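Colleague:
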Amino acid sequence: MMADKIFGIHGDALRLRSQRLSMLASNIANSATPGYKAKDLDFERAMQEVRGGSDADRAAKGNAGYRIPLNPSLDGNTVELSTEQTLFAENAVGYSTTLSFLEGRVATLTRALKGE
5 MMADKIFGIH GDALRLRSQR LSMLASNIAN SATPGYKAKD LDFERAMQEV RGGSDADRAA
65 KGNAGYRIPL NPSLDGNTVE LSTEQTLFAE NAVGYSTTLS FLEGRVATLT RALKGE
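Here it is, written out as structure tokens:
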């Protein structure tokens, strides 16, 4: 696809980071739900698969799983709120950085098309 040539791996990185943000947000929202199991996406492994030619959605599904808690709760909930909040913040920074790069790329292409 033309978009793959223009944006490279960054479009897939943005898609994976978005999916991970959704998982982490769901964990945070369910931190008090008895029996809820915290899910996460191994971003690095998913990106390795994408670099190897895999589709980003397939890589996300194959690298998503349940997190094993350090301190399990008595009600079966595996969400550790401080861990989830830290991971969410780290992933949000990565998402923002990737988005800024893509915005810069689009701006450069727009200037080139206008002949500036």
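According to this note's numbering, the sequence shown holds residues 5 to 120 in order. Beta carbons: idealized from backbone N, C-alpha and C, even for Gly. Keep in mind it's a predicted model, so treat the numbers as computed, not measured.
Under 8 Å between the Cβ atoms of residue 32 and residue 85?
Modeller: The answer is yes: Cβ separation under 8 Å.
Colleague: How many angstroms separate the CA atom of residue 27 from the CA atom of residue 76?
Modeller: If you take the alpha carbons of residue 27 and residue 76, they lie about 19 Å apart.
Colleague: Indicate the three-state DSSP secondary structure (helix, strand or coil) for residue 118 in the structure shown.
Modeller: Note: residue 118 maps to helix in three-state DSSP.
Colleague: Using beta-carbon positions only, say whether residue 102 and residue 14 come within less than 8 Å of one another.
Modeller: Yes, the pair counts as a contact, with Cβ atoms nearer than the cut-off.
Colleague: Along the chain, where does the beta strand (DSSP E) that runs through residue 45 open and close?
Modeller: 43-45 is the extent of the beta strand (DSSP E) around residue 45.
Colleague: Which residue or residues does DSSP assign as beta-bridge partners of residue 56?
Modeller: Paired residues: none, contrary to the question.
Colleague: CA-CA distance, residue 100 and residue 81?
Modeller: Near 30 Å, if we compare the C-alpha coordinates of residue 81 and residue 100.
Colleague: Look at the Cβ atom of residue 47, then the Cβ atom of residue 24, and state whether they are nearer than 8 Å.
Modeller: A contact, by the Cβ cut-off of 8 Å.
Colleague: Consult DSSP for residue 69 and reduce its assignment to one of helix, strand or coil.
Modeller: Looking at residue 69 - three-state DSSP - the assignment turns out to be strand.
Colleague: Report yes if the CB atom of residue 83 is closer than 8 Å to the CB atom of residue 40, and no otherwise.
Modeller: Yes.
Colleague: Can the beta-carbon of residue 113 be found less than 8 Å from the beta-carbon of residue 10?
Modeller: For residue 113 and residue 10, yes; Cβs fall inside 8 Å.
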